[in-house]
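Enquirer: In this note's numbering, the protein residues as written are 18 to 264.
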Amino acid sequence: MNKPIFGLIIALVTLAASPALASLTYIYGGSEITAGTTSTYTAYNTVEAAYNDFSGRYASLQTETFEGFGSLVDQPNSSLGIAFGTITSGSAGYIGSTTTTQADYDETPLANSLYYYSNGTPGSASGKGDFTLDLDQAHHALGFYATDWHDQGGTVILEVGGVDGTGAGWTEFINVRDLTGTMDSGSLVYFSFFSDLAFDTVTFKASGGDGYGIDNLTVGAPTPIPGAVWLLGSGLIGLIGLRRRSA
18 MNKPIFGLII ALVTLAASPA LASLTYIYGG SEITAGTTST YTAYNTVEAA
68 YNDFSGRYAS LQTETFEGFG SLVDQPNSSL GIAFGTITSG SAGYIGSTTT
118 TQADYDETPL ANSLYYYSNG TPGSASGKGD FTLDLDQAHH ALGFYATDWH
168 DQGGTVILEV GGVDGTGAGW TEFINVRDLT GTMDSGSLVY FSFFSDLAFD
218 TVTFKASGGD GYGIDNLTVG APTPIPGAVW LLGSGLIGLI GLRRRSA
């Protein structure tokens, strides 16, 4: 039996006027399940609503499904070239193809058969490490599925960075656990964010808990997003604070 834990959430942060401040918007939805069930992720309306909201904003999307890395399964990779950039992780990440036994979703591939796992020890669910996505060109939006997130006391923070129109560097921190809350093993989330300033790097910073998987990592077309358009289309539900530092 599935157990929805939160619906589709849209949150806006607009920071004070400054050459190196960004306005960020988040869309996320997720579900938890009972261990041993056999439902697929497509049955969870809040997750798919979050994905559809993100993907419906762009005529052009680039998606990394990780299906082209069959020869690298269960081999930790320090650098992985993907469809629109590079993931670097030291020994903290690898391509996975199977689930653990925690629950139905766990760190499983979602749409096809392969996914990216945050743990550098194939076959083990313990521990997780940081990894960084460096984009080939700056973008304004990123979305992905995440499995088994924020259980066992774990926390994921996204460090987003780029350069503004004046050449000044900027960095924002998104504490994802503050948005989604603590989750049980086997959870599934679709998370996306939009920025009025283009970003070219995103670091997934993790602490505590066990590993997690991501799949269908997607960027929107590298053009600015008119703020009024998505606000009128979606509605504003809540405000979430961020910490900022200039590079």
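Quick reminder that beta carbons are idealized off the backbone N, C-alpha and C, glycines included.
Just so it is clear, the structure is predicted and the values come from calculations on it, not from any experiment.
1) Check the C-beta distance from residue 132 over to residue 110 and give it rounded, since I have them as a contact under 8 Å.
2) What do you reckon, are the CB atoms on residue 1 and residue 130 nearer than 8 Å?
3) Would you mind giving the Cβ-Cβ distance between residue 96 and residue 105, rounded to the nearest angstrom? I have them listed as a contact below 8 Å.
4) Please state whether DSSP places residue 181 in a helix, a strand or coil.
5) Please report the distance separating the alpha-carbon of residue 212 from that of residue 67.
6) Going by DSSP, what residues sit across from residue 150 in a beta bridge?
7) Can you check DSSP and say which residues form a bridge with residue 97?
8) Would residue 218 and residue 150 be called neighbours here (beta carbons separated by less than 8 Å)?
9) Note down the Cα distance separating residue 122 from residue 184, rounded to an integer number of angstroms.
10) When we look at the beta-carbon of residue 235 and count the other beta-carbons within 10 Å, is it buried (16 or more) or exposed?
11) Given this structure, state the Cα-to-Cα distance separating residue 77 from residue 176, to the nearest angstrom.
12) Given a cut-off of 8 Å, decide if residue 209 and residue 99 are closer than it, judged by their beta-carbon atoms.
13) Taking the alpha-carbon positions, what's the residue 237 to residue 75 distance?
14) Just to confirm, are residue 233 and residue 161 a CB contact at a threshold of 8 Å?
15) Do residue 153 and residue 86 have their beta-carbon atoms positioned less than 8 Å apart in this structure?
Expert: To lay it out plainly:
1) Translated into positions along the sequence shown, residue 132 becomes position 115. Translated into positions along the sequence shown, residue 110 becomes position 93. 11 Å between Cβ atoms; not a contact.
2) Any property of residue 1 remains undetermined from this structure, which presents the chain solely from 18 to 264.
3) For the purposes of this step, residue 96 is taken as the residue at position 79 of the sequence shown. For the purposes of this step, residue 105 is taken as the residue at position 88 of the sequence shown. Rounded, the Cβ-Cβ distance is 5 Å, consistent with contact.
4) Here residue 181 is taken as the residue at index 164 of the sequence shown, counted from 1. Residue 181 falls in the coil class under three-state DSSP.
5) Start at 1 with the first residue of the sequence shown, and residue 212 comes out as number 195. Start at 1 with the first residue of the sequence shown, and residue 67 comes out as number 50. Using only the alpha carbons, I get a separation of about 17 Å.
6) Reading the sequence shown from its first residue, position 133 is the one you call residue 150. Per DSSP, 104, 219.
7) Along the sequence shown, one-based indexing puts residue 97 at 80. Per DSSP, 104.
8) Position 201 of the sequence shown, counted from the first residue, corresponds to residue 218. Position 133 of the sequence shown, counted from the first residue, corresponds to residue 150. In this structure, the beta-carbon distance from residue 218 to residue 150 falls below 8 Å.
9) Position 105 of the sequence shown, counted from the first residue, corresponds to residue 122. Position 167 of the sequence shown, counted from the first residue, corresponds to residue 184. Legend: pLDDT at residue 122 = 42, less than 50; position of this residue unreliable, value from coordinates given subsequently. Rounded to the nearest angstrom, the gap between the Cα atoms of residue 122 and residue 184 is 43 Å.
10) As a position in the sequence shown, residue 235 is number 218, starting the count at 1. Buried: at least 16 other Cβ atoms inside 10 Å.
11) The residue given as residue 77 occupies position 60 in the sequence shown. The residue given as residue 176 occupies position 159 in the sequence shown. In a straight line, the C-alpha of residue 77 is about 25 Å away from that of residue 176.
12) Along the sequence shown, one-based indexing puts residue 99 at 82. Along the sequence shown, one-based indexing puts residue 209 at 192. Contact: no.
13) For the purposes of this step, residue 237 is taken as the residue at position 220 of the sequence shown. For the purposes of this step, residue 75 is taken as the residue at position 58 of the sequence shown. Going from the Cα of residue 237 to the Cα of residue 75 covers about 6 Å.
14) The count along the sequence shown starts at 1 and reaches residue 233 at position 216. The count along the sequence shown starts at 1 and reaches residue 161 at position 144. Yes, they are a contact pair.
15) Sequence index remark: in the sequence shown, residue 86 carries index 69 (1-based). Sequence index remark: in the sequence shown, residue 153 carries index 136 (1-based). It is not a contact, given that the beta carbons lie outside the stated cut-off.
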